[in-house]
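Going line by line, the protein sequences match chains G and F.
Take the first sequence: its position 22, counted from the start at 1, is 52 in our numbering, and no numbers get skipped.
Take the second sequence: its position 98, counted from the start at 1, is 452 in our numbering, and no numbers get skipped.
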Amino acid sequence: MAHIECPLSAAASPILRAKNVHRVLGSGDLANPVLRDVSVEIRRDEYVSIVGASGSGKSTLLYLLGGLDRPSRTDAAGAPIDPPSQVFIDGQDTNLLDDAALARLRNEKIGFVFQFHYLLKEFTAQENVCLPMLKLGRLPRPEAMARAADLLARFGLSGKTKRRANRLSGGEQQRVAVARALANEPAVLLADEPTGNLDRRNSDLVADLFRELAANGQAIVMVTHDLSLASRAARMITMDDGRITADHPTAGVALPVAPATIPHHDGPGRGELPDDRDLRSDAHPFHSRRA
Amino acid sequence: MRWFITIRYLLSHKRQSLVCIAGVTISVTMFIAMTAMMNGFTDKFIIETVESSGHITIKDEPRETRTPILERAYPDPNALLALSNVKPRDTVRKIDNPTGLLLKLQHMPGILAAAPEVFGDVIATYGTKTINLNIHGIEPERQVKVTTIANDMLEGGLQRLGTTADGIVIGKGVADALGARMDDSIILAGATGGRTSARVVGIFRTGVTPVDYSRGYMLLSRSQTLLGKKNIVNEIVCRTDDYERAREYATQIEGICGYRTESWQESNANFLKIFDIQTLITYIITGALLVVAAFGVLNILIMAVLERVNDIAILRSFGLSRWDIGVIYTLQGFVIGLVGATVGLGLGKLAVEGLRRIPVTLEGLVRSEGLLMSEHASQYYLAFFSAIIVVLFASAYPAWRAARYDPVEVIRGAH
């Protein structure tokens with residue numbers, strides 16, 4: 031795969047890279063190939079959205095890119111996958127890392143934001159933001175707490191730092207979750223339907239927040255089924271049935287757009303036709319895989 | 355960070371945490387109080403027995419009983435032996451040359467003093483009351499060196515045996531049973547026809563009930579006459595410099611004299627066995643309490659894990675490893691064990707002091723004023739560490755379950 035950028039520039043190497051990634055959920059008769067030979071690269075300053083129908087594998091791809099999940103070594107039939115699936119985070123092959131090393135990498139380089147599962151309910155907003163910093167251990171606790179308060183203030187939550195997470199509104203919780211994801215100045219922010227559970231006003235708030243972060247050079251990968259939200263990203267990846275079917279810059283955005291460095295998977299296949307899974311309700315994309 | 359999360363989790367479920375801690379506390383407190391009480395009685399019995407009966411007793415019999423000569427000649431169990439009307443040889447049981455043996459004992463290392471005794475049962479009568487009395491014939495000046503009988507006198511004294519020719523010193527129980535008081539004369543009748551009257555010149559109470567209710571001390575020579583055992587010595591009682599080493603001294607003496615020589619442990623093996631069983635039961639009961647407490651911890655930690663599955667997924671997403679998650683739940687168990695055991699030590703100490711002050715008089719195997727509490731540092735250590743270790747074991751399974759959750763499955767909604 032040829033890189034166009036100057037090889038000497040550190041910023042030129044992709045922060046996340048998936049190479050021939052397969053992911054099979056379940057086993058035996060229930061084995062379900064969720065990702066089929068997906069390759070993608072995310073650069074260090076990109077704002078990327080991944081769209082696709084429920085069950086297209088977009089969330090799974092996000093978890094794999096963030097090192098929360100690992101690619102499969104065997105396909106649905108149990109045969110080893112060749113060439114093997116590989117995910118690189120900041121150049122490190124996650125296949126070579128054990129659980130603790132991968133956790134450390136997530137702590138240092140990745141910030142996750144989810145649709146539900148926002149916060150630890152028994153901790154205050156400030157403590158929630160503080161915890162990843164305490165885990166990283168670079169800042170002593172008072173400084174970490176101070177930085178947490180600063181981050182919350184940046185997101186308009188300065189009055190609620192001491193409030194328990196379960197006593198914040200949904201929009202506030204999601205903003206605290208974004209602040210927490212940014213606590214360790216991650217190389218990339220991975221958001222899985224960050225507005226999926228919010229009302230219009232709060233959705234816009236979070237969307238504006240993301241655009242502002244992206245404008246300041248924060249790499250973001252966002253999974254969403256909201257096309258208007260997705261179109262605000264500089265690059266949009268479309269997935270269907272476990273494959274990337276389109277990957278192109280979006281129209282009318284000010285951010286620089288990187289040229290696609292991987293071949294598109296827009297060959298023939300089931301991707302062209304609406305899958306039966308696509309007809310199902312998309313309200314709870316997390317649960318669709320369980321069917 | 356792990357401690358921060360652990361403490362917050364425990365504090366946010368205060369009531370469950372307190373119930374768990376209380377369970378551990380109760381078992382530790384009970385363990386300390388019960389073992390202190392058991393040890394108190396055991397120690398009291400040992401001290402009283404050892405000090406009033408002597409450390410080592412040399413008996414007037416060989417260790418092995420003699421087998422009939424015919425059986426020795428034909429040891430094959432299938433040999434056909436027919437004997438009828440076999441009578442044992444009519445020997446008088448005694449220690450040969452007691453004076454020589456006493457001299458030898460004087461020069462043995464570790465043996466502080468030795469005193470000869472003759473003993474036998476007589477019928478004691480006073481007025482209309484009659485009881486069995488176990489007469490010990492002693493030499494008072496030697497006897498006070500091997501036992502603490504002189505300290506157990508309620509009235510009169512052992513030395514008066516030397517000044518009153520027909521004196522007898524009896525246990526408090528014997529005196530009460532006969533209704534005899536100081537200076538009363540009681541009638542003694544031996545099994546071989548000896549008969550005499552004796553004046554009560556002392557009453558003792560050792561605290562060991564069987565002794566107080568059956569024993570009388572008289573001069574050696576008068577006892578020999580009464581019991582029909584002229585110049586016979588049945589026992590030599592020794593005092594050692596360390597009663598814990600009585601067993602090894604007894605073995606040495608037996609090697610020298612050939613007579614069966616019992617340490618106090620051997621003489622009281624039945625009682626000591628009862629104490630062992632008693633101790634075992636105490637351990638089982640308090641151990642069961644601890645196991646119940648541990649199940650409480652297990653139960654509450656499993657609930658805590660199930661309740662916080664989302665937390666586990668979030669913590670894993672921002673960088674905690676499986677190990678970190680396991681540690682957080684193990685630490686919760688550890689804190690419960692530590693706090694419960696520490697409070698239990700304090701309450702255990704208070705319980706020991708409180709029980710010590712209960713004003714009751716107990717008369718069983720030994721007599722005591724108030725409950726006897728004997729504390730050993732080892733009991734406190736044992737209670738403390740076993741509680742923590744058992745609770746840690748109980749938290750291992752919830753911790754393992756917590757660590758096993760796959761964050762992606764949780765986020766997908768599988769849990």
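Note that CB positions come from ideal geometry on N, CA and C, so glycine has one too.
Bear in mind that the values here come from a model prediction, so they are computed numbers and not experimental data.
Secondary structure note for residue 692 of chain F: its alpha helix (DSSP H) is the uninterrupted segment 676-710. The Cβ neighbour count for residue 438 of chain F, taken over all protein chains shown within 10 Å, is under 16; the residue is labelled exposed. With the rule of 3 Cβ pairs closer than 8 Å, the segment 571-581 of chain F does not count as touching the segment 396-403 of chain F.
Take the alpha-carbon of residue 560 of chain F and the one of residue 536 of chain F: they are about 18 Å apart. Counting only Cβ-Cβ distances below 7 Å, residue 371 of chain F has no contacts in chain G at all, with the closest Cβ about 13 Å away. Taking one beta carbon from each stretch, the segment 522-537 of chain F and the segment 460-474 of chain F have fewer than 3 pairs nearer than 8 Å; the two do not touch. Here residue 66 of chain G carries a strand assignment [DSSP, helix/strand/coil]. Counting along the chain, residue 465 of chain F sits inside the beta strand (DSSP E) bounded by residues 465-480. 8 Å or more divides the Cβ of residue 210 of chain G from the Cβ of residue 125 of chain G. Chain G has no Cβ within less than 8 Å of the Cβ of residue 391 of chain F.
Contact annotation: in the segment 671-694 of chain F, residues whose CB is within less than 8 Å of a CB in chain G are 671, 672, 673, 674, 675, 676, 677 and 678. Two segments are said to touch when three or more pairs of C-beta atoms, one from each, lie closer than 8 Å; by this definition the segment 610-629 of chain F touches the segment 402-412 of chain F. Identification of chain G residues near residue 362 of chain F by a Cβ-Cβ cut-off of 7 Å yields 152 and 153, ordered along the chain. Not a single CB atom of chain G sits nearer than 8 Å to the CB of residue 666 of chain F. Among the residues facing chain G, residue 659 of chain F is not included, as its CB has no counterpart in that chain under 8 Å away. Of all residues in the segment 110-138 of chain G, only 128, 129, 130, 131, 132, 133, 134, 135, 136, 137 and 138 come within less than 9 Å of chain F when Cβ atoms are compared, listed by chain position. The beta carbons of residue 519 of chain F and residue 728 of chain F sit no closer together than 8 Å. In the DSSP assignment, residue 49 of chain G is bridged to G/116. Boundaries cannot be given for residue 449 of chain F, as no alpha helix (DSSP H) includes it and DSSP labels it neither H nor E. Within its own chain, the residues whose Cβ lies closer than 7 Å to the Cβ of residue 363 of chain F, once the five positions on either side in sequence are excluded, are 658 and 686, listed in chain order. Look at residue 364 of chain F here: in three-state DSSP terms it is helix. Runs of alpha helix (DSSP H) with 4 or more residues, each lying fully within the segment 489-513 of chain F, are found at 494-500, listed in chain order. Three or more Cβ pairs drawn from the segment 69-86 of chain G and the segment 258-269 of chain G lie within less than 8 Å of each other, which places the two stretches in contact. Interface residue (Cβ-Cβ distance to chain F less than 8 Å): residue 142 of chain G is classified as such. Excluding sequence positions up to five before and after residue 677 of chain F, its CB lies within less than 8 Å of the CB of 757, all in the same chain and listed in chain order. Taking 8 Å as the CB threshold, residue 93 of chain G lines the interface with chain F.
Nearest in C-alpha terms to residue 425 of chain F, of all of F/436, F/763 and F/455, is F/436.
About 26 Å separates the CB atoms of residue 533 of chain F and residue 579 of chain F; that is not less than 8 Å, and the two are not in contact.
Here the segment 723-743 of chain F does not lie against the segment 61-77 of chain G, with fewer than 3 beta-carbon pairs under 8 Å apart. Boundaries of the beta strand (DSSP E) harbouring residue 221 of chain G: 218-222, taken from the DSSP string. Rounded to whole angstroms, the gap between the alpha carbons of residue 139 of chain G and residue 166 of chain G is 11 Å. By the CB criterion at 8 Å, residue 710 of chain F and residue 725 of chain F fall inside the cutoff. Contact with chain G is found for residue 358 of chain F, since one of that chain's Cβ atoms lies less than 8 Å from the residue's Cβ. For residue 269 of chain G, the enclosing beta strand (DSSP E) has its first and last residue at 265-270. In the DSSP assignment, residue 254 of chain G falls outside any alpha helix (DSSP H), carrying neither H nor E. Residues of the segment 630-655 of chain F with a C-beta atom less than 8 Å from some C-beta of chain G do not occur.
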